[in-house]
Amino acid sequence: MIPTIFRTGLICFALASMTSKALSQVVQLPSIRQFSYSGGVLVPDQGSTYLGGNRTSATGSRSRGIPGFGPMPQSQFGGIETSSGVSVSATIIDHQEIDRQLLGEDPRRIAWHARHRHAASPDEQIEEIKSLVRNARSLHLAGRGSASRATYDLAIDRMVRLRQHPSAPEELVAKMLAYAEVEYSKLYGPLPAGTFAANSFSPNASRMRP
């Protein structure tokens, strides 16, 4: 009986030597974590919104056995799962509205002051009108007639509105209006009725060219 046991031991030892698997193995898989967000969210006067998140999971197993004979039935499995997210909260405080509520001011009066406080001066408006006229000419030379005509219309409308400004230089604005009418008429014909009231002043075109 002893030789039989000895032969069995030799066979097991030989099988263990031939197999490439060790009695214990641990495999560590690479773990990479990365989270980023790029974007924008429009939040009203107050509120919260969810931007985005990340979710990760991992699983693992452990088993025991004899090489060449397979694993034993007491194998163990496990897993883990994590998640993360980013949210934003915002509250906008309107100090003008607070003052209006405390002082009982008329909201129409506050709105009027807000509009006129940021209004451009007559000189700034004149420069903007000249820029519009130059842009209209460039569009005409580029063959974009409809865009050029619309830009001329906008410039002329701005001139008419500027004449109503109490601090606007009346003579300069009148010359600009008269020249704009002549230039528009040469390119696109007479202005539509009611668009522009022609001034009797005839400017020197080369001298008053914006």
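Numbering (mature numbering (1 follows the signal peptide of the UniProt record, and there is no 0)), first residue to last: -22 to -1, 1 to 188.
Note that beta-carbon positions come from the ideal geometry of N, C-alpha and C, so glycine has one too.
The stretch 97 to 111 makes no contact with the stretch 59 to 72; the number of CB pairs closer than 8 Å stays below 3.
Ranking T27, D72, G56 by CA distance to the CA of R40 puts G56 first.
In this structure the stretch 133 to 142 lies against the stretch 106 to 125, because at least three pairs of beta carbons, one per stretch, are closer than 8 Å. Here Y28 is exposed: its Cβ has fewer than 16 other Cβ atoms, across all protein chains shown, within 10 Å.
Nearest neighbour of N32 by Cα position, chosen from L140, D72, T60, turns out to be T60. Residue environment analysis places V138 among the exposed positions, since fewer than 16 neighbouring C-beta atoms fall within 10 angstroms of its C-beta. Per DSSP, reduced to three states, the secondary structure at I107 is helical. In this structure, R127 lies near Y166, with their beta-carbon atoms less than 8 Å apart.
Under DSSP, N32 takes part in a beta bridge, and its partners are S62. In the structure shown, S39 falls within a strand segment according to DSSP collapsed to helix, strand and coil. Comparing alpha-carbon positions, the option among S62, A146, V160 lying closest to E105 turns out to be A146.
The Cβ-Cβ distance between G38 and G63 does not fall below 8 Å. Looking at the DSSP output, G57 sits in a beta bridge with T37.
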